[in-house]
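Q:
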Amino acid sequence: MDVLYFAWVRERIGHPKDRIETEAATVNELVAELRAREDRYAAAFADLSALRVAVDQELTDFDAPLAGAREVAFFPPMTGG
Amino acid sequence: MDVLYFAWVRERIGHPKDRIETEAATVNELVAELRAREDRYAAAFADLSALRVAVDQELTDFDAPLAGAREVAFFPPMTGG
Amino acid sequence: MRVVVQEAPFDFGAEAEAFASGRSDLGAVVTFTGVVRDTGDAARDRMEIEHYPGMTEKALAKIAEEARTRWSLGDVLVIHRYGALTPGEKIMMVATAARHRKDAFEAAEYLMDYLKSRAPFWKKEFSGTDTQWVAARDEDEDALKRW
Amino acid sequence: MRVVVQEAPFDFGAEAEAFASGRSDLGAVVTFTGVVRDTGDAARDRMEIEHYPGMTEKALAKIAEEARTRWSLGDVLVIHRYGALTPGEKIMMVATAARHRKDAFEAAEYLMDYLKSRAPFWKKEFSGTDTQWVAARDEDEDALKRW
Numbered sequence: 001m002d003v004l005y006f007a008w009v010r011e012r013i014g015h016p017k018d019r020i021e022t023e024a025a026t027v028n029e030l031v032a033e034l035r036a037r038e039d040r041y042a043a044a045f046a047d048l049s050a051l052r053v054a055v056d057q058e059l060t061d062f063d064a065p066l067a068g069a070r071e072v073a074f075f076p077p078m079t080g081g
Numbered sequence: 001m002d003v004l005y006f007a008w009v010r011e012r013i014g015h016p017k018d019r020i021e022t023e024a025a026t027v028n029e030l031v032a033e034l035r036a037r038e039d040r041y042a043a044a045f046a047d048l049s050a051l052r053v054a055v056d057q058e059l060t061d062f063d064a065p066l067a068g069a070r071e072v073a074f075f076p077p078m079t080g081g
Numbered sequence: 001m002r003v004v005v006q007e008a009p010f011d012f013g014a015e016a017e018a019f020a021s022g023r024s025d026l027g028a029v030v031t032f033t034g035v036v037r038d039t040g041d042a043a044r045d046r047m048e049i050e051h052y053p054g055m056t057e058k059a060l061a062k063i064a065e066e067a068r069t070r071w072s073l074g075d076v077l078v079i080h081r082y083g084a085l086t087p088g089e090k091i092m093m094v095a096t097a098a099r100h101r102k103d104a105f106e107a108a109e110y111l112m113d114y115l116k117s118r119a120p121f122w123k124k125e126f127s128g129t130d131t132q133w134v135a136a137r138d139e140d141e142d143a144l145k146r147w
Numbered sequence: 001m002r003v004v005v006q007e008a009p010f011d012f013g014a015e016a017e018a019f020a021s022g023r024s025d026l027g028a029v030v031t032f033t034g035v036v037r038d039t040g041d042a043a044r045d046r047m048e049i050e051h052y053p054g055m056t057e058k059a060l061a062k063i064a065e066e067a068r069t070r071w072s073l074g075d076v077l078v079i080h081r082y083g084a085l086t087p088g089e090k091i092m093m094v095a096t097a098a099r100h101r102k103d104a105f106e107a108a109e110y111l112m113d114y115l116k117s118r119a120p121f122w123k124k125e126f127s128g129t130d131t132q133w134v135a136a137r138d139e140d141e142d143a144l145k146r147w
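Protein chains in written order, with the UniProt record's numbering: chain L, 1 to 81; chain R, 1 to 81; chain W, 1 to 147; chain S, 1 to 147.
(1) Output the distance between the C-alpha atoms of R70/S and S24/S, rounded to the nearest integer angstrom.
(2) DSSP three-state label for V134/S, please.
(3) With 16 other CB atoms within 10 Å as the buried threshold, where does L77/W fall?
(4) Given that a residue counts as buried once 16 or more other Cβ atoms are within 10 Å of its Cβ, and exposed if not, what is A44/R?
(5) Would you say the segment 105-118 of chain S touches the segment 31-48 of chain L, given that touching needs at least three Cβ pairs under 8 Å?
(6) What does P9/W pair with, by DSSP beta-bridge criteria?
(7) Do three or more CB pairs link the segment 56-65 of chain S to the segment 55-75 of chain W at distances below 8 Å?
(8) Measuring CA to CA, which of R52/L, R35/L and F62/L is closest to A7/L?
(9) Ignoring anything shorter than 3 residues or poking outside the segment 2-68 of chain W, list the beta strand (DSSP E) runs there in chain order.
(10) Have a look at A69/L, A25/L and H15/L and flag the residue whose alpha-carbon is nearest the alpha-carbon of R40/L.
(11) Does the beta carbon of M78/R come closer than 8 Å to any beta carbon on chain W?
(12) In angstroms, rounded to a whole number, what distance separates the CA positions of T56/W and R81/W?
(13) Would you decide whether E50/W is buried or exposed? Buried here means 16 or more other CB atoms lie within 10 Å of its CB.
(14) Whose CA, out of P65/R, G80/R, D56/R and G81/R, lies closest to the CA of A73/R?
(15) Using the C-alpha atoms, what's the distance from E89/W back to L60/S?
(16) What separation, rounded to the nearest whole angstrom, lies between the Cα atoms of R10/L and A36/L?
(17) Write down the C-beta distance between R46/S and L73/S rounded to the nearest angstrom, noting that I regard them as a contact closer than 8 Å.
(18) Quick one, are the C-beta atoms of D75/S and F19/S less than 8 Å apart?
(19) Return yes when the Cβ of D38/S is within less than 8 Å of the Cβ of P87/S, no when it is not.
(20) Please report the residue range of the beta strand (DSSP E) in which W147/S lies.
(21) Pull up the DSSP beta-bridge partners for K123/W, would you.
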């Protein structure tokens, strides 16, 4: 599974993308795995209310299932327009 | 005083402008004088709810005073834009 | 602020591009353009717009000034044509520029609502040998009530 | 319907002029343009816009499609840039065309409200040696509630 990071999440983690083998059933389980990796991941995922998540390029919630997902992305609230 | 007509009011009366000497104190009194002139004026002013009036190029009401007015215009509801 | 009443066509693209250009304090620009439709209550070949020279310019300027008192606007443009127009031609445009989009949108809608019912223009439609003055619509008068 | 995501500047005047041109069934055209301001919470020298290639185009197309189901629209255009921009530059534009002005205005406001908070763009400001990610504003999130 590809895990992508954008904006300050990308900057805090230090790179834009991880390729991850995971058994995580939901986004929350994936977040728990990522937090456990290194301090910079724990810092990036410290406050989930400041984050948004997309699974296969669709915005979703942190309790969304990951079955079949190929790409998960984490980023701050969007500021388009 | 110049009395101007626009759109179908102009067409019904047959010309765009009259120069009138009047003692009318209000628009309503002016309308009464105009109605008495000829049938085509009576026809044009038959239904005041279908008309709007401007005194000296400002929209106003039919009971507006005419003291000092130089130009009165009658026309249907506007359809700009 | 610029208010233009003219018979000639205007260059919408050039006007839109030039409006508020170089004003880096204004984050939001809204334009509205009115186009002659060829299908209304009846098909139409052309339209003629009559206006009240003198009052028209004053009425438009007053509407634009009122918009500037109600919203925080950096600039306002109103262009309105009169005379003969054919379907597809642009009748008029308004443009508003503001720091934030809410002001720009609301002011543009306000300008349009007032322009429709309070600026001295009258439209006449020509369809074959038929002619008809366009009737004011109740919903256009009602639109003023929200302001 | 056309959705464009690009790094290069776009020609607003030409896009505005070309949009819905020749469509004499559409009486109302609205455009909104977003411009980089040089004064926000702090003066800014430039801005960089990051986006999510792939998702961005999908998200914009979905927002535009949703607008087409909610309002009677003849055409919709969305152009959004990414990369480095300086104050005064145009970030993005939307355009809507409809028979009547209410549809064109509401759809343009809807597009802007969703584009602000639901399209994957992130703005970073550069002021001298300071950099700062632009924070999402509560009022932009609140704006979605009216739809």
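Heads up, the beta-carbon is just placed ideally off N, CA and C, and yes, glycines get one too. On a predicted model such as this, the values are computed, not experimentally measured, just so you know.
A: In short, the structure shows the following:
(1) 22 Å
(2) coil
(3) buried
(4) buried
(5) no
(6) DSSP output for P9/W lists no bridge partner at all.
(7) no
(8) R52/L
(9) 2-6, 28-35 and 46-51
(10) H15/L
(11) yes
(12) 11 Å
(13) buried
(14) D56/R
(15) 30 Å
(16) 17 Å
(17) With a Cβ gap of about 35 Å, R46/S and L73/S do not count as contacting.
(18) yes
(19) yes
(20) Counting along the chain, W147/S falls outside any beta strand (DSSP E), and DSSP gives it neither H nor E.
(21) I49/W
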